Amino acid sequence: MDNFFEGLSKYGIVPVIVLHRPEDARPLAEALMRGGLPCAEVTFRTEAAEESIRIISEAMPEMTVGAGTVLTTEQVDRAVNAGAKFIVCPGFDPEIVDYCIARDIPVLPGCMTPSEVGQAVKRGLKYVKFFPAEQTGGPDMIKALAGPFTTMKFMPTGGINGKNLEKYLALSKVGACGGSWMVKADLIDGGQFGKIEEMVREAVEIVKRVRG
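Everything in the sequence shown is counted per the numbering used here, starting at 6 for the first residue and increasing by one.
This is how it looks when you write it as structure tokens:
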């Protein structure tokens, strides 16, 4: 599991995607690939999520696609059966975390307090989602949490965009940042995949500038 997230961290950004139509899944994934981000977190906020994950994983097996906003173990099963390679939760749900660990499924539970991070450490996790990032202290909060939890790395998500991305990526305890600013639903729904590719390239350039 740790090796998986180390690999995910090399991208610096994990696009957080809301898809309303499965037919948008492949052109979106192709835009991400062309832009330099062969990874995506497809959120389970819509009925199209499961089929979208299946389409991407079958058509583009080289892409690392995961499921986000996972709230039940039943959704874990559906996501993994569709081809999801990792699970992301908005909060720390012990049942889901333990379920994934028992099945060797990479999982990123959402944490925003020392108690939640402590529960993750207790289970042997070394990567968690820090959510909602901007609303709960941003980089300063991550630095504060990283003090006592020296083995933990964070994927901040929530309120991150092209303007504040750099200050998160500069932190040694940040593996990757989750963000939706370059893959907003209105761009996807409008079929603006060229624009998405352009914005992804800009985000990738920020990663290269900060991390080399």
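Note that CB positions come from ideal geometry on N, CA and C, so glycine has one too.
Just so it is clear, the structure is predicted and the values come from calculations on it, not from any experiment.
I think residue i touches residue j, with their Cβ atoms under 8 angstroms apart; what is that distance to the nearest whole Å?
i      : j      : result
Phe-49 : Gly-73 : 7 angstroms
Using three-state DSSP, classify residue i as helix, strand or coil.
i       : result
Ile-165 : coil
Tyr-173 : helix
Thr-69  : strand
Val-81  : helix
Val-179 : strand
Pro-20  : strand
Lys-127 : helix
Val-188 : coil
Phe-91  : coil
Phe-10  : helix
Need the endpoints of the alpha helix (DSSP H) that residue i sits in, please.
i       : result
Gly-199 : 198-216
Tyr-104 : 99-107
Ala-138 : Per DSSP, Ala-138 belongs to no alpha helix (DSSP H) and is neither H nor E.
Val-75  : Val-75 -> no alpha helix (DSSP H), and no H or E assigned at all.
Glu-143 : Rather than Glu, the amino acid found at residue 143 in this sequence is Gly. Where Gly-143 is concerned, the enclosing alpha helix (DSSP H) stretches over 143-151.
Pro-32  : 30-40
Arg-59  : 54-64
For residue i and residue j, I'd like the C-alpha separation in whole angstroms.
i       : j       : result
Arg-59  : Ala-89  : 8 angstroms
Lys-168 : Ala-181 : 16 angstroms
Val-23  : Leu-150 : 29 angstroms
Met-65  : Leu-130 : 28 angstroms
Cys-105 : Val-81  : 8 angstroms
Pro-95  : Ala-84  : 16 angstroms
Pro-161 : Arg-214 : 19 angstroms
Glu-55  : Pro-153 : 38 angstroms
Should residue i go down as buried or exposed, given a rule of 16 or more other Cβ atoms within 10 Å for buried?
i       : result
Ser-177 : exposed
Thr-156 : exposed
Glu-210 : exposed
Ser-62  : buried
Thr-69  : buried
Lys-158 : buried
Thr-118 : exposed
Ile-46  : As written in the sequence, residue 46 is Glu, which differs from the Ile given in the question. By the neighbour-count rule (16 or more Cβ atoms within 10 Å), Glu-46 is buried.
Pro-20  : buried
What residue does the beta strand (DSSP E) around residue i start on, and which one ends it?
i       : result
Phe-135 : 132-135
Glu-46  : 44-48
Pro-114 : Run containing Pro-114: none; DSSP gives neither H nor E here.
I'd like to know if residue i contacts chain B, where contact means its C-beta is closer than 9 angstroms to some C-beta of that chain.
i       : result
Thr-141 : Annotation note: the requested chain B is absent from the structure, which comprises a single protein chain.
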